[in-house]
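*Asks:*
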Amino acid sequence: MVADQSLQGKVALVTGASGGLGAHFARVLARAGAEVVLTARRLDRVDAEAGAINAAGGRAHARALDVAHVGEIGPLFDAVAAEIGPVAILVNNAGVGGEGRALDITPEAWDQAFDVNVRGVFFCAQAAARQMIERGVAEEGGARIVNIASIASHTVLPGLPAYCASKAAVAMLTKSLAREWARHGIAVNALCPGYVETDINGAWFATEAGQRQIKGFPRRRLMEADDLDAALLMLAGPAARAITGTLVTIDDGQSLP
Ligand SMILES: NC(=O)c1ccc[n+]([C@@H]2O[C@H](COP(=O)([O-])OP(=O)(O)OC[C@H]3O[C@@H](n4cnc5c(N)ncnc54)[C@H](OP(=O)(O)O)[C@@H]3O)[C@@H](O)[C@H]2O)c1
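All residue numbers for the sequence shown refer to our numbering, where the first residue is 93 and numbers rise by one.
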């Protein structure tokens, strides 16, 4: 584990870090020197991801957290502060696809999208901000919340009304929290990625329709997870001193008409 050590001394907590983008973000933050706490429902998976970071010379821990179970969030943040240190960087990454066209979607699928993508994001941010303020992290100037939104925050993804609505909510939540917590020095921003192939969309991109969608993108390709690294590090690190309430879209041009 080498190079950029701009996050040295910071504890970074990533939700939904058992695979996909969350596990990738945890590796990126660890490479930049942060001590990373990987959380998700599948503890065996976050354990394995944290183990790989530690084996590569980084510092990582694994904890179970279901962000849809709000009662788990406060105790988890308290335990992390007591056992590892107060959280300075929260990456609110856990998310679900909320599949279902508008005529078909069930109340259960709708609620799941909002419970994870919006309610979970809000209550993790609240727990993090309380800790950042109470433990003096915010006062030191390094408190960062990065919400993983999507191009769906501002662009219609056909057939995904619940997902789009939930990610649009994350965008406005990001601005609201940034405004309220600006005086505390907490930077709250959102990263809006375009499509990267992960478990959330792998089955779709394996279909003919999914392949046609890729051919319709301006660059006729999907993005790679590491296309997001520079923006993540900007929003998580010292560069975000004067960046708050901002949506950073990194999408290889996918949302251009
Ligand atoms: N891939 C893309 O193209 C893309 C584009 C834009 C935005 N995003 C966003 O990026 C984030 C990560 O997505 P991904 O592509 O990496 O998908 P993924 O591979 O399906 O990963 C989703 C992660 O969220 C976790 N998760 C789901 N429900 C949870 C819950 N109730 N509590 C805690 N964790 C939960 C999963 O872990 P467990 O199942 O172990 O809990 C998993 O680690 C999501 O917010 C997604 O909307 C993805």
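Beta carbons: idealized from backbone N, C-alpha and C, even for Gly. Since the model is a prediction, treat every value here as computed from it, not as a measurement.
Is the beta carbon of Arg134 within less than 7 Å of some heavy atom of ligand 1?
*Replies:* Answer for Arg134: yes, Cβ within range of ligand 1.
*Asks:* Which one of Arg304, Ala109, Val262 and Ala241 has the shortest CA to CA distance from Val341?
*Replies:* According to the sequence shown, residue 341 is Thr rather than Val. Selected option, being the one with the closest Cα: Ala241.
*Asks:* Excluding five sequence neighbours on each side, which residues of the same chain lie with their C-beta closer than 8 Å to the C-beta of Ala160?
*Replies:* Taken in chain order, the residues that qualify are Gln204, Asp207, Val208, Arg211 and Gly212.
*Asks:* Taking contact to mean at least 3 C-beta pairs separated by less than 8 Å, is the region 222-237 in contact with the region 169-181?
*Replies:* yes
*Asks:* Is Val138 helix, strand or coil by DSSP?
*Replies:* The three-state reading of DSSP puts Val138 in helix, counting H, G and I together.
*Asks:* For the beta strand (DSSP E) that Arg275 lies in, which residues bound it at each end?
*Replies:* If you look at Arg275, you'll find it isn't in any beta strand (DSSP E); DSSP assigns it neither H nor E.
*Asks:* Quick one: what's got a C-beta closer than 7 Å to Ala142's C-beta in the same chain, skipping five residues either side?
*Replies:* Leu130, Ala152, His153 and Ala154
*Asks:* Can you tell me where the beta strand (DSSP E) holding Ile237 begins and where it ends?
*Replies:* Arg236 to Ile240
*Asks:* Compute the Euclidean distance between the alpha carbons of Gly112 and Ala261, then round it to the nearest angstrom.
*Replies:* 22 Å
*Asks:* Alpha carbon to alpha carbon, how far is Pro349 from Pro253?
*Replies:* 19 Å
*Asks:* Starting from the C-beta of Pro250, find all residues in its chain whose C-beta is less than 8 Å away, skip the five residues before and the five after it, and write them out in chain order.
*Replies:* Same-chain partners within the cutoff: there are none.
*Asks:* Taking 7 Å as the cut-off, is the beta-carbon of Thr341 closer than that to any non-hydrogen atom of ligand 1?
*Replies:* no
*Asks:* Nearest-angstrom Cα distance between Gly150 and Arg312?
*Replies:* 36 Å
*Asks:* Taking just the CA atoms, how far does Ala298 sit from Ala274?
*Replies:* 43 Å
*Asks:* Within a Cβ cutoff of 7 Å, which residues of the same chain sit near Glu164, ignoring the five residues on either side of it in sequence?
*Replies:* So the qualifying residues of the chain are Leu157 and Asp158.
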